[in-house]
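Undergrad: Take this structure, written in structure tokens, and hold onto it; I'll ask about it next.
So, in structure tokens, the structure goes:
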């Protein structure tokens, strides 16, 4: 078992004929993901060099191939509508890799997607991977190891670094995902914690947070209230000055709140070990009782 993606995932790639879509489609197929369709308006009827059929619309792809998951690699100006199209077609999980989508577009899209029973991961997400089962996104698959530690992160590259250290220490992962670094995202830290809590093959959860927002503080409250999995955290942006955006649009300390110190204090008050460095997470996980 894992969360969100597994061997039953049947993936449609929106924007499959573009540079990024084509490159990462090949990577996902090489990893073993079942990429059953692609969508690029005006290019329906073609077949990619990887042998994936291309359709003009997502509903055609779903009807012809049984696709149940979508990943979006289209320019920001079209990505919001692409997510809506996937939800309208009955896709249950929409993973949006595209970055730079205006906040006003996401405020419109999120309730639209949820009303149709779909989950949206992203935007500006590296995607989701269940090692040994399926990879949907842009993360390097070879650094992952199948196991029982779940990872949820607001940073793609920090996710890779933590995964590298865990794998190097012989600690495998059940599912790893990035919620995206924008101010408005679909699935968030709390949603993902709930999914891991219900997953019988996840023993512990790694939370990689960063400055800005209050999801980490809310996560600490959830843990204090009796979260059933062992948890470890890391907070990026300890030296960021207030008002200075650090990489992600959502990683900004405003009004004196959302600092790394506040988030670290919230986790420690909830009894959660907070690693000083990404490498330190592996040592903390190894210390958990079996």
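In the working numbering, the protein residues as written are 1 to 290.
Just so you know, even glycine gets a beta-carbon here, dropped at the ideal spot from N, CA and C.
For residue 214, tell me which candidate among 37, 40, 131 and 190 has the shortest Cα-Cα distance.
TA: Ranking the options by Cα distance to residue 214, first place goes to 190.
Undergrad: Could you compute how far the alpha carbon of residue 193 sits from the alpha carbon of residue 63?
TA: Taking the straight line joining both Cα atoms gives about 32 angstroms.
Undergrad: Under 6 angstroms Cβ to Cβ from residue 5, same chain only, skipping five residues before and after it: list those, please.
TA: So the qualifying residues of the chain are 128, 130, 134 and 136.
Undergrad: Can you give, in chain order, each stretch of the alpha helix (DSSP H) that sits fully within the stretch 139-174 and has at least 4 residues?
TA: DSSP runs (the alpha helix (DSSP H)) wholly in the stretch 139-174: 156-168.
Undergrad: Of the residues 75, 72, 54 and 236, which one's Cα is nearest the Cα of residue 65?
TA: Minimum Cα distance to residue 65 is reached at 54.
Undergrad: Exposed or buried, residue 30, counting other C-beta atoms within 10 Å across all chains shown (16 or more means buried)?
TA: It is exposed - the Cβ of residue 30 has fewer than 16 other Cβ atoms within 10 Å.
Undergrad: For residue 234 and residue 275, which I take to be in contact (beta-carbon distance under 8 angstroms), what is that distance rounded to the nearest angstrom?
TA: Confirmed, Cβ separation roughly 5 angstroms.
Undergrad: Between the Cα of residue 266 and the Cα atoms of 152, 224 and 279, which residue gives the shortest distance?
TA: The shortest Cα separation from residue 266 among 152, 224 and 279 belongs to 224.
Undergrad: Please name the residue or residues paired with residue 53 in a DSSP beta bridge.
TA: Beta-bridge pairing links residue 53 to 47.
Undergrad: In terms of alpha-carbon separation, which member of 279, 48 and 3 lies closest to residue 291?
TA: Residue 291 falls outside the range modelled here, since the chain spans only 1 to 290, and no answer is possible.
Undergrad: Under three-state DSSP, which class holds residue 98?
TA: If DSSP states are grouped into helix, strand and coil, residue 98 belongs with coil.
Undergrad: Am I right that residue 208 and residue 177 are in contact with their C-beta atoms under 8 angstroms? What's the rounded C-beta distance?
TA: That pair is no contact at about 10 angstroms.
Undergrad: Counting pairs of beta carbons, one from the stretch 115-126 and one from the stretch 12-24, are three or more of them closer than 8 angstroms?
TA: As far as the Cβ criterion goes, the stretch 115-126 does not touch the stretch 12-24, which means the pair count is below three.
Undergrad: Pull up the distance between the alpha-carbon of residue 199 and that of residue 173, whole angstroms please.
TA: Rounded to whole angstroms, residue 199 to residue 173 spans 12 angstroms at the Cα level.
Undergrad: Quickly, what does DSSP pair residue 70 with across the bridge? List them, please.
TA: Looking at the DSSP assignment, residue 70 forms a beta bridge with 12 and 94.
Undergrad: Between the Cα of residue 124 and those of 51, 7 and 155, spot the shortest distance and give me the residue it belongs to.
TA: Residue 155 is the option with its Cα nearest to residue 124.
Undergrad: Please state if the CB of residue 76 and the CB of residue 91 are separated by a distance shorter than 8 angstroms.
TA: It is not a contact, given that the beta carbons lie outside the stated cut-off.
Undergrad: Just to confirm before moving on: does the CB-CB distance between residue 80 and residue 94 stay below 8 angstroms?
TA: Not closer than 8 angstroms, so no.
Undergrad: Please list, in chain order, all residues of the same chain as residue 196 whose beta carbon is under 8 angstroms from its beta carbon, the five residues on each side excluded.
TA: These residues qualify, in order along the chain: 3, 150, 152, 174, 175, 202, 205 and 229.
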